[in-house]
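Undergrad: Chains as they are written, first to last, in the working numbering: chain F, 1 to 316; chain R, 1 to 316; chain V, 1 to 316; chain E, 1 to 316; chain C, 1 to 316; chain A, 1 to 316.
Even for Gly, the Cβ is constructed at its ideal location relative to N, Cα and C.
These numbers come from a predicted model, not from an experiment.
Written out as structure tokens, the structure reads:
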């Protein structure tokens, strides 16, 4: 059988290869290949979610799997595993891959589901879904300079797909809208993060990241309808409440961004990354700003782990 | 190596299996599987096109490959083969699959390209694209009743993705917007065709099909900006000109549809399929209407083949 | 005088005919006919409201009349009667019609006002409004199966008229937008309820009904700007508060509907009708869901009447 | 039977009363009254059209009836009469009313159709449509000053209902959007004509009138999708072609209006009325402008009648 | 040097001329002239703010200067003075102009900043900003009748510039959108106030004024995103809180305006001006309504000054 | 009198200073300063236009002045000079400035008009407009590298002001929308040209430039409604017709840009500047493309002047 992954790996090599869950079995990653007729390939008709480990333990894995279930429900795909099964298999895949990363490193754990190769025009065709659970090391070194200097955010001209075409709240394999926007931005600044506007001209989200602003001591983030409701985004909202920092979802636009006191991004892997500029205009007086710092501290306490130090330790 | 396609096929079985071009080789379809890290799978970041055969010969193959090139260009993916190479390999794959279908049957020939597994965050990663060329038999029998009775068109509430989010003019593996709309319609009527409205409320297109209306002898079809510019759509526009049927692209809405004299769909596989109703309301006086019939006749002459008869012959 | 209602009814028949208030008098319904020059007929320039009886007594009649007054004010029509007069006449009409329905049945009581036949181009023409108050039996039997099985909601492609064209918050005789949408849906499923999206793609309302979703124990309903603010909708919001069910108005879209735990409709006649599916996709685990049931119970206590049983008793 | 029209008219009075066609009979207008349950009254669910007479003969009556048929088709109402029957009955009603106006006066001839009182929830209810054909004298005197001085056009804030809510191309009894806009304007200037913008901010139409601009010798009028395609609008387009005046449909906005060389309105009754100002800003150098005058002359030749003189003769 | 202001004023005249701060000096107003190459002139690339005096003392001057700073930040113009410097110079200019108005009169104090004449294509050109601080007497007499009779509000067809083109929250010298709308309204009624709708059809703001509605005892004002966040608007919101009047920002449209119990405008110079009609339709039962009166009283207590009397005293 | 321009220039300096027309007189530029109360300064309420010289002679000066007149008309400002007077004064100003540039250099000639200082609230205030006519040398050296390498176009997130807020077809002093977009782009690439999208997501225009695409031999440019109708744009359309290059106005979006064969900008000063990339993606195979070259040649013949060489000669 042909696949673009090398198939002649020696056993020795295999010992250094990560494994993944694939339709019921845990196998070397190089053996995880989907048919070109898989609807996840042909149509991007698939959903995924991704938790991260913190010191080699998954963080909020259940919340991520529950969100995966919601994405499946939106697309009308039957869940092939229960929440508990997804969690167990995720833990199992993780356990077998941990020896491949250093103590100071961590993994993303992805769950992916497509409906398989079933022909939509043929209701008799068996609907055997494709399920993959896999680990990918966090790109700590690549992002370390951003934790030192702050992230640069650029707003592309490409707008986020509106909810009446396809809801941004489901995490699917249809990423071209986000990728096109991301490429638009990276051609100007390879290290920048794209944050798209929604079709009303409000700040929405980037490829896997949510945005927050701080103004007059209040924490603000775009409304849920136009973005993936990030687990880290939820975490930050909860931390703000604990810290008595007023926080709310609201419409935010470029005026808000340019006149904000602080700005940061959240994502599963980033936790919380301060932003130093939006469209080339400096935000606040150096990063992290005071509210961002309080939330970083609270986040670290919640994790019982200094996630910023983990990144900064990878600085060349 | 594990894949959801059967891997233990005997040689005897293989003789009955279709083959496909896969990254330089022609192999049995069951061996065509892409890594789960292929961006075509993870993000639907891939383009495709599809010609059909007419009596076992490809029709307008060059036009389809040229359109594939344009889709690649829009997404910024380097073409892995030239137009001529795509055509040669398509012919080669076809030649090796023709013995598997009857004389009265025909194939779709798909070309698919993704950028492969390259990490977008890692500019040093080799960008080795994934290229697949494959044949799929036309679903003649399934559609035969529609050529007899006319197609039923339903307009879903889901709107076509607007061009400032992702252009409908590129034929990509991001099909969820169209699939969600299609499912919405098929849950009401499994045999219906969805035609989506664009974000302005005008008729746009369906999953792989363009729509035409006839009003007072004039042929009308939605503007190019909001739809994939179908090769069959172009063919019909050219035939109209030959037949001195006035024809133009314009904004069309539900008023136009409900008050049209005739309506039909075009696609590579359908060529031209008359529509008997839109949203449950009969269009015209039976199918095909007179202008539709003239265009069917002209289309058949162009193909030197009665494509309607091919479908009708499959009626149970 | 000619009218399409029979005018040669014998006195015996009259005894079985409902009566209505018409411009100052209470007369048999067959004598209530408006000039073809009435602006309510020519332009749909009229407003109405409708309360229902509960065990033959009007429920929240005052609230309905107050809303009628607001609709009149929006259109700039002078109220021909005071709130109290509308209530008295409504009670009077009801009293004279009650003998025509069974004890287990109930009435809608409609108030309708148009500006009459005055010529808008002629400021001197007398503006004598048309006022009608009438009773219509509730369609208990027709809807009984829906109280047993849950309502099926379909979302049509037709969008609700935007407020800068004509506000959905006034209850007028211009119902074509809602009727066109309703017909679109009923041609697919004659027993389905249409719920339109507004021009932003959010859930709005149906022909006389409001929609609610339940998610994670919270009650959600579309914002008031895009819908008629239903009296039953208000009632449910108040009951939720009494029951300590968190409830709020917010933007809701198809993602919310497809991933909701429960869904129901409210209207004057329905009170609260659980929804079993939206666009053919099952909502929750059977109807009514637990929050819906609590609200049904609270509603019944408020009415001191089991409105669900009234419907179910009419099952054939 | 009660109706707000006087029913005790003496025979002598009757001789001076206009008659109308009402569901198969020609009767005095005072006897034409529709049930309050007629859907044309309750919902404005009805369509109409209106031709005018020129020297007591109907002008383009067939074109108006054909348009009526298209409006019926859009709403899904079965035509109760054929085109020829509508024309015959219209001629008959006209013939019996001509003695009531002067030789220098003319009539509108309206055809109106509603589906009658059938209950939409009850498919068994007989669908007996309501059909009315009636004559109304043209308001020549009231408009005479505008033919002398030019019309004043005001653009209200209210936008024309968008086609994905309800198409402006069907002439229905749902006139509130146009009436609300008209009232908005008349409260500022009782003699002004409202021309609404569509939801894109382009000039659309007014209550029964189309707008034209002249710029650099070219005739421009809004695109058909957003307006009722007026018969007089079509007539002017044809006259322009005969007169070799370049003419086309296009998007037009306030910049176009304010910088136009000439502007005029068309409608069945107006034929062509020059506009002297838009939003209080003078258009051109006095009315009618040269292109307008050429079209007035051509229109008069087509009618073989000086329609402007007919209006001006009514100046007090 | 030539300027359209008279330059040959005698010293005697000068004693009666107001002075202004201009780039570091306080000079007679007639000497304050900017180069035609000043970007504030060529492009309207400038920001301003304006406080008013109350009995010759500035009110909330700091708040106005802080808002000026935010406008500068949005446009990326470096503040040429600090907040304190702007306040000091404003006080200084005021002090030197007070002798020119009566005790019963008051001033606007404007701060204006442009980037000066620097060529945007030439990064080497020195960026020397233009700074002007000036006093203008409040137009008390002109507005006095409106405090007696209530303001008339008209809604123009022109929509407020959307935030993704240019944010209405910065107070800049680009006023054409507001001026065009204002002129549209004043050509109908020279004494009327224009309140524009935003691009969603909601009430936004007028040229320098915010709008409030009162409905069922609750105070409502448009959301901040589409309007300049007025200092007086903030003041009224704070006073409402003190007075226990429920108040919130929300989407408001013409339905809200026409059915409101009360309506008023706020601005720096007006403080709070009751509105008697919107689009010619009376609001409430005479001005000021009870909630408006309570807020006027509270405002006067805050100012320790009867601002309404100041206006009314100027009635001719 | 104080002004930020130096006022103590010696006579010797004056001989090297350009002059300008200012309200009736020709004076040194340093004496052209407008009151801070000029509405052109306070509100950007002013219009301008600009022709260029070709070998020291104005090109299409009349066309530019006619367009100025149209801009005045849109804003309702009375033209202070006739077309001929504007042309004469422009020629006169030019004649007196020509000695200050080299033979191989050329000028822009600007006409600017504001309504002066009249108070809009005070109809009695004299409306004395401000009129300025001035010369500015073309930035030949700064742009020379772009004529060698092609221009880089970037599409900002900021959208062009929609026509129902303020028409882009009038050339006014309200440039902030364009400046904000331009700055957004220059912060990424100081040498790039911003081309904004309109509110529908179509390509519109940049700060003073129009965009053209070439696809399959056809010339395409955005529709006039959303852009300033450039004189150079018109010139190119006329040249295309002469050269038998098919050309039309149409909606164009990023798909069109990315898949175009050629792209170029036009403006008064540029004439025609080839574009090498849009959003960092190369357009075509090197600049100028073949159609662009044909149009450059035709433009040069029309001018009888090699405008490209003029730029290239300034390369350092």
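(1) Straight-line CA distance for residue 54 of chain V to residue 83 of chain E?
(2) So what's residue 145 of chain E in DSSP terms, helix, strand or just coil?
(3) Consider the Cβ of residue 201 of chain V: report whether some Cβ of chain C lies at a distance smaller than 8 Å.
(4) Quick check on the burial criterion: 16 or more other C-beta atoms within 10 angstroms. Buried or exposed for residue 88 of chain F?
(5) Hey, how far is the Cα of residue 238 of chain F from the Cα of residue 266 of chain F?
(6) I think residue 184 of chain C touches residue 192 of chain C, with their Cβ atoms under 8 Å apart; what is that distance to the nearest whole Å?
(7) Check for me: the beta strand (DSSP E) holding residue 299 of chain A runs from which residue to which?
(8) Between the alpha carbons of residue 226 of chain F and residue 280 of chain E, how many angstroms are there, rounded?
(9) Which of the three DSSP states, helix, strand or coil, is assigned to residue 122 of chain V?
(10) Just the chain F side, please: which residues come within less than 7 Å of residue 169 of chain C by C-beta, in chain order?
(11) Identify whether residue 78 of chain C lies in helix, strand or coil by the three-state DSSP scheme.
(12) Just the chain V side, please: which residues come within less than 9 Å of residue 189 of chain R by C-beta, in chain order?
(13) List the endpoints of the continuous beta strand (DSSP E) containing residue 136 of chain R.
(14) Just to confirm my understanding: we take residue 16 of chain A, look at its own chain, exclude 5 residues before and 5 after, and list those with CB closer than 6 Å. What are they?
(15) Would you kindly report the start and end of the unbroken alpha helix (DSSP H) that includes residue 177 of chain R?
(16) Are three or more beta carbon pairs between the segment 197-217 of chain E and the segment 293-308 of chain R nearer than 8 Å?
(17) With a CB to CB cut of under 8 Å and the five nearest residues on each side skipped, what residues in its chain are close to residue 171 of chain F?
(18) Tell me, please, whether the CB atom of residue 156 of chain C is closer than 8 Å to any CB atom in chain E?
(19) With a threshold of 8 Å between beta-carbons, can residue 259 of chain F be considered close to chain C, or not?
(20) Using a Cβ-Cβ distance under 8 Å, would residue 184 of chain F count as near chain A?
(21) DSSP three-state label for residue 29 of chain A, please.
(22) Run through the segment 192-237 of chain E for me and flag every whole alpha helix (DSSP H) of 4 or more residues, listed as ranges in chain order.
(23) Cβ of residue 197 of chain A less than 8 Å from any chain R Cβ?
(24) What whole-angstrom Cβ distance do residue 157 of chain C and residue 156 of chain E have, given they're in contact under 8 Å?
(25) Using a C-beta to C-beta distance shorter than 7 Å, which residues of chain R count as neighbours of residue 164 of chain F?
(26) Can you check whether the C-beta of residue 280 of chain C is within less than 8 Å of a C-beta belonging to chain E?
(27) Per DSSP, which one or two residues make a beta bridge with residue 109 of chain E?
(28) Determine the chain C residues that contact residue 217 of chain V at a beta-carbon separation under 7 Å, and present them in chain order.
(29) Return the bridge partner residues of residue 60 of chain R from the DSSP annotation.
(30) Mind checking whether residue 274 of chain F and residue 141 of chain F have CB atoms under 8 Å apart?
TA: From the atom records:
(1) 49 Å
(2) helix
(3) no
(4) exposed
(5) 13 Å
(6) Not quite, the Cβ-Cβ distance comes to about 10 Å (not below 8 Å), so this is no contact.
(7) Not the beta strand (DSSP E): residue 299 of chain A falls in the alpha helix (DSSP H), residues 290-303.
(8) 42 Å
(9) Confidence in residue 122 of chain V is poor, its pLDDT being 49 and thus under 50, which makes the residue's placement unreliable; the coordinate value appears in the next sentence. The answer is coil: DSSP assigns residue 122 of chain V none of H, G, I, E or B.
(10) 255
(11) coil
(12) 188
(13) 130-137
(14) none
(15) 176-186
(16) no
(17) 47, 48, 49, 67, 68, 71 and 228
(18) yes
(19) yes
(20) yes
(21) helix
(22) none
(23) yes
(24) 6 Å
(25) 158 and 159
(26) yes
(27) E:51 and E:135
(28) Ordered by position in chain C, no residue passes the 7 Å Cβ test against residue 217 of chain V, which lies about 25 Å from the chain.
(29) DSSP lists no partner for residue 60 of chain R.
(30) no
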